[in-house]
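Below: one structure, written as structure tokens.
Number of protein chains: 2
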Amino acid sequence: MRNTDPAIFFEVFNEIAIIEQLSRAILEARLPHGLIAPHFTVLNHLTRVGDGRTPIEMARAFQVPKTSMTHTIKGLEGHALVETRANAQDGRSKRVWLTDAGRAVRADVIAGLAPDFAQLAAGFDMNRLAAIKPVLTDLRIFLDQARDG
Amino acid sequence: MRNTDPAIFFEVFNEIAIIEQLSRAILEARLPHGLIAPHFTVLNHLTRVGDGRTPIEMARAFQVPKTSMTHTIKGLEGHALVETRANAQDGRSKRVWLTDAGRAVRADVIAGLAPDFAQLAAGFDMNRLAAIKPVLTDLRIFLDQARDG
DNA sequence: GAGTTATAGTTCGAAATCGTACCTTATGGA
DNA sequence: TCCATAAGGTACGATTTCGAACTATAACTC
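Protein chains in written order, with the numbering used here: chain A, 1 to 149; chain B, 150 to 298.
Listed below in structure tokens is the structure:
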């Protein structure tokens, strides 16, 4: 018998929403003044997948409206943590590049988070976290595809 | 050997942030005009745990600032979906009660979500969802306590 | 190759979020 | 009882979020 009780959805998504709040608060407590979670998320993304991404690409990756991404990138540019250049392959588009300052801020923030990571690693079974990751990834992919389809 | 690679945190919290975005979008697509996810979350919470809760209690439950909860409740009052009365036990406080319209809206929204639930149940293994729920709950509790402590 | 349609990005305005400061009422000592 | 401190809630302002409309370029079709 399959579990199709709608309650499970509300409960899971509710927990996810709360964890999102809490993890964002932890991150933002370590960010330099003027930066918030979306800024760091972009810096981190550009570091991990390589810079030169386009705004629309990142908007899709994070599932935020492109207007929000415009605003976030503008904020990062204001702090000189990224810079944008025209996209030679597409005249409508631009590409976003990390500056040295941007890389440095990202590294500093991660270093600053070490105590938080340590506390979490000490008090919570990391194997359980690792175990749910593939499920979360699959769920994210499924919801993403369901949205398009 | 224990997995303490910081990357696991970023990856898990990143997936959670994206799922939060997607699930919120799904919900809001089914909400009547003028209502957004936090409004529904309050209606649902009051239905599940019983109304007569105080704003601060709900702010803590959802881990949002109390000013945000003030604003959300004001929105619900504007739509006559909840009403607030003084708290006889505490002169500083108030209690929030569902109206009949509030209960009806909550029920209608859940009914409207049935197709989304069905699609999810059909395409995603519900057992996997059920399996991660306790981990998410424990993680939420841990982060919540770490925040206080 | 002209015309239609789609896509990347911005502008603009409305609403939501949230930190700070503040008011009011409780609570906990001296 | 008085005073200090804590807690519930709101007012206010700065910033964020995001939908709608718009511009500019690309892609597709006939």
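Even glycine gets a Cβ: it sits at the ideal position worked out from N, Cα and C.
{"query": "CB contact check: K215/B to chain A, cutoff 8 Å", "result": "no"}
{"query": "Interface flag, D144/A vs chain B, CB-CB below 8 Å", "result": "yes"}
{"query": "Beta carbon proximity, P155/B to chain A, threshold 8 Å", "result": "yes"}
{"query": "Sequence ranges, beta strand (DSSP E) only - wholly within the segment 58-146 of chain A, length at least 3", "result": "82-86 and 94-98"}
{"query": "Interface residues of chain A facing I259/B [CB-CB closer than 8 Å]", "result": "P6"}
{"query": "Against chain A: residues of the segment 268-285 of chain B by CB proximity under 8 Å", "result": "Q268, L269, A270, G272, F273, M275, N276, R277, L278, A279, A280, I281, K282, V284 and L285"}
{"query": "Bridge-paired residues (DSSP) for R53/A", "result": "V96/A"}
{"query": "Close-in-space but distant-in-sequence residues of the same chain around V254/B (CB under 7 Å, 5 per side omitted)", "result": "P181, L192 and L230"}
{"query": "Distance, K215/B Cα to K74/A Cα", "result": "29 Å"}
{"query": "Cutoff 8 Å: L184/B Cβ touching any chain A Cβ", "result": "no"}
{"query": "Backbone CA spacing between A29/A and D144/A [nearest angstrom]", "result": "30 Å"}
{"query": "Residue range of the unbroken alpha helix (DSSP H) whose run includes L22/A", "result": "P6 to R30"}
{"query": "Separation of A88/A from N14/A, as counted between CA atoms", "result": "43 Å"}
{"query": "Among L225/B, D200/B and F158/B, the one whose alpha carbon lies nearest that of P187/B", "result": "L225/B"}
{"query": "8 Å Cβ cutoff, R252/B in contact with chain A", "result": "no"}
{"query": "A17/A at chain B interface by Cβ criterion, 8 Å", "result": "yes"}
{"query": "Buried or exposed (CB count within 10 angstroms, at least 16 for buried), A166/B", "result": "buried"}
{"query": "Per-residue contacts from L22/A into chain B (C-beta, under 8 Å)", "result": "Q212, R289, L292, D293 and R296"}
{"query": "Neighbour list for N44/A in chain B, Cβ cutoff strictly below 9 Å", "result": "F159 and N163"}
{"query": "Distance between T203/B and G240/B (C-alpha atoms, nearest Å)", "result": "12 Å"}
{"query": "Selection from F117/A, I132/A, D100/A and G123/A that minimises the alpha carbon distance to T47/A", "result": "D100/A"}
{"query": "Residue environment, G102/A, which counts as buried when at least 16 other CB atoms sit within 10 Å", "result": "buried"}
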